[in-house]
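J.: First the structure, which I've put down as structure tokens, then a few questions once you've had a look.
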Amino acid sequence: MTIPPALRASFSHESRALIDFARHGRTSYGFGWLNDDGRIDPTYGTRLWITGRMTHAFALGHLLGYADCLPYVRHGVDALLNGPLYDAATRSWVSSVDADGTPDSQMRVAYDHSFVILAASSALAAGVDEANALLTRALETFDALWWDEAAGMVVDARDPETMGVDPYRGVNANMHSVEALLAAFAANGDQRRLEQALRITSRVVGFIDANDHRLPEHFDEQWRPMLSYNEDIPADAFRPFGSTIGHWLEWSRLILTVAAECQAHGVEYPASFDVLPAYLYRKSLAEGWGRDGAPGFVYTIDFEGRPVVRQRMHWVLCEAIGAAAALAHTSDNASYWQDIADYWDYAQRYLIDPSGCWHEELNERNEPAPHTWTGKPDIYHALQAMIVGTLPLRPAFAWALKEQAG
């Protein structure tokens with residue numbers, strides 16, 4: 359089924375507002391962390407994951423036909439190729455640089471790296487020729503530093519001095535690597551990238567099935583789940599305790615997307631990929647939505663299904679829109695579009711401010727309450743939520759927009 363015209367019009371208006379909000383985010387070395395007013399918060403420096411995401415977002419803006427987005431895409435590609443975020447000595451990207459371009463000393467992380475691949479692919483779709491060199495470099499680094507062939511997964515982090523692998527393993531980095539690999543596959547047609555995405559997804563589906571469909575997020579180096587990880591800091595921004603509802607929703611969409619790519623290219627995939635996404639989506643609603651009497655998705659639950667962090671993160675609602683849209687594309691069930699309409703009503707009531715951007719985080723009473731996050735760092739989740747319903751399941755967002763444009 360296709361997106362209802364009224365939703366399409368509302369989402370088109372909002373996607374333009376998001377792009378306009380983000381236009382003040384350019385720094386000397388990439389893109390900065392935006393505050394509530396859409397201005398750069400200098401205390402965060404220039405972060406790799408934000409630079410990658412914003413380059414991708416402006417590529418989408420250009421492909422949507424919005425004016426003056428291409429210079430931002432070129433800026434992002436140049437920053438990732440030639441700026442201080444890239445460390446030529448280790449052939450990897452650092453997590454952030456300060457106002458003088460001095461790199462941080464933090465661990466190198468696969469999560470951040472995934473957005474370099476995504477940015478390169480989307481920029482290439484937008485017509486930035488230099489993005490081809492960036493994509494080649496990013497995929498070489500992915501294979502050399504992040505891909506674990508034996509495990510069929512990515513490792514999470516490396517020491518910046520020794521480049522030794524940290525023993526922690528995480529599903530979050532693997533989830534975004536699947537998105538990145540699908541984008542790379544759309545860009546260059548290298549079937550290895552689809553096969554890597556399929557291997558990751560197959561293993562994560564196994565984790566979901568083995569834990570009563572509550573996805574473990576944290577693992578040791580043997581990929582054994584650590585269910586009590588970060589129990590003492592449950593609202594950690596990137597490694598929260600428990601199971602993250604938004605990731606169930608994100609995986610619902612990604613599983614369907616991997617299946618669609620496999621179908622299109624004659625690659626076998628597990629039959630569960632066709633049925634698990636709908637079940638996972640419904641379980642997300644049952645265990646995540648309105649658990650404390652107010653609308654909205656809680657951030658995390660424990661492995662008995664009890665809410666842990668009751669804050670409402672904007673990105674979780676965005677991924678609910680994405681999951682429902684993907685399911686709507688694969689069925690005749692109109693209830694998914696009604697769900698999206700309900701999520702949109704919630705977003706307009708609680709999340710979207712007059713600027714058109716989204717509050718990053720709400721409390722359990724749906725009031726803006728920066729606890730885990732401050733400001734409005736980037737527009738990645740919200741922008742994708744506004745266009746996912748207008749696109750087919752495959753190829754990746756930027757390439758689907760390019761195909762639509764002819």
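First residue of the sequence shown? That's 359 in my numbering, and the numbers climb one at a time after it. No residue lacks a Cβ here, since even glycine has one placed at the ideal position from N, Cα and C.
Cα separation between THR385 and ALA629?
T.: 46 Å
J.: Are three or more beta carbon pairs between the segment 468 to 475 and the segment 422 to 429 nearer than 8 Å?
T.: no
J.: Once the 5 residues before and after ARG582 are set aside, which same chain residues still bring their CB inside 8 Å of it?
T.: none
J.: Write down the C-beta distance between LEU675 and TYR701 rounded to the nearest angstrom, noting that I regard them as a contact closer than 8 Å.
T.: 6 Å
J.: Ignore the nearest five residues each way along the sequence and tell me which others in PRO635's own chain have a CB closer than 6 Å to its CB.
T.: Around PRO635: SER610, ILE613, LEU614.
J.: In terms of residues, what are the limits of the alpha helix (DSSP H) holding HIS414?
T.: 406 to 421
J.: So ILE679 packs on ALA743, CB below 8 Å; how close in whole Å?
T.: 4 Å
J.: Using three-state DSSP, classify ILE566 as helix, strand or coil.
T.: ILE566 falls in the helix class under three-state DSSP.
J.: Within a Cβ cutoff of 6 Å, which residues of the same chain sit near TRP757, ignoring the five residues on either side of it in sequence?
T.: Same-chain partners within the cutoff: ALA483, ALA544.
J.: Please look up how many angstroms separate the CB atoms of GLU488 and VAL435, rounded, as I've assumed it's under 8 Å.
T.: 5 Å
J.: Compute the beta-carbon to beta-carbon distance between SER601 and ARG572, rounded to the nearest angstrom, for a pair I have assumed lies under 8 Å.
T.: 4 Å
J.: Using the Cβ count rule (16 or more neighbours within 10 Å means buried), how would you classify HIS623?
T.: When all chains shown are included, HIS623 counts as exposed.
J.: So, under 8 Å CB-CB, PHE631 and ASN569 are touching, yes? Tell me the CB distance rounded to an integer number of Å.
T.: Their Cβ separation, rounded to whole angstroms, is 18 Å, which puts PHE631 and ASN569 out of contact at 8 Å.
J.: Please determine, among ILE566, TYR387, MET412, the residue with the shortest C-alpha to C-alpha distance to LYS734.
T.: MET412
J.: Leaving out five residues before and five after LEU607 in sequence, what residues of the same chain have Cβ atoms less than 6 Å from its Cβ?
T.: SER642, GLU677, ALA678, ALA681
J.: Since ILE603 and PHE655 are thought to touch, with beta carbons under 8 Å apart, how far apart are those beta carbons, to the nearest angstrom?
T.: 5 Å
J.: For PHE543, name the three-state secondary structure that DSSP assigns.
T.: helix
J.: Starting from ASP378, trace the alpha helix (DSSP H) both ways and give me its first and last residue.
T.: 363 to 379
J.: Count the other C-beta atoms from every protein chain shown that fall within 10 angstroms of the C-beta of ARG806, then say buried if there are 16 or more, exposed otherwise.
T.: In the structure displayed, the chain extends from 359 to 764; residue 806 sits before or after that span and is not available.
J.: Less than 8 Å between C-beta atoms, sequence neighbours within five positions excluded: which residues of the same chain meet that for ILE745?
T.: PHE369, SER373, LEU418, LEU422, PHE755, LEU759
J.: What number of angstroms, rounded off, separates the C-alpha of TRP673 from the C-alpha of ALA740?
T.: 7 Å
J.: Going by DSSP, which residues form a beta bridge with TYR444?
T.: TRP451
J.: If you measure between the beta carbons of GLY403 and VAL455, is that distance less than 8 Å?
T.: yes
J.: Label PHE596 either buried or exposed according to how many other C-beta atoms from any shown protein chain fall within 10 Å of its C-beta, with 16 as the threshold for buried.
T.: exposed
J.: Assuming ALA491 is part of the alpha helix (DSSP H), what are its boundary residues?
T.: 489 to 499
J.: If you reduce the DSSP assignment to three classes, tell me which class ILE398 lands in.
T.: strand
J.: Using C-beta distances below 7 Å, list every residue in its chain close to THR730, excluding the 5 sequence neighbours before and after it, in chain order.
T.: ALA593, ALA595, GLN669, GLU719
J.: In chain order, what residues of the same chain have a beta carbon less than 7 Å from the beta carbon of LEU585, not counting five sequence neighbours either side?
T.: PRO574, PHE661
J.: Taking one C-beta from the segment 436 to 454 and one from the segment 498 to 516 each time, how about it: are there three or more such pairs within less than 8 Å?
T.: yes
J.: Output needed for ALA496: all residues of its chain with C-beta closer than 6 Å, excluding positions within five of it in sequence on either side, in chain order.
T.: VAL474, ILE475, ALA478
J.: With respect to the alpha helix (DSSP H) encompassing CYS676, which residues constitute its N-terminal and C-terminal limits?
T.: 672 to 687
J.: Should ALA555 and LEU751 be called a contact, given that it needs their Cβ atoms to be closer than 8 Å?
T.: It is not a contact, given that the beta carbons lie outside the stated cut-off.
J.: Terminal residues of the continuous alpha helix (DSSP H) containing ARG640?
T.: 634 to 646
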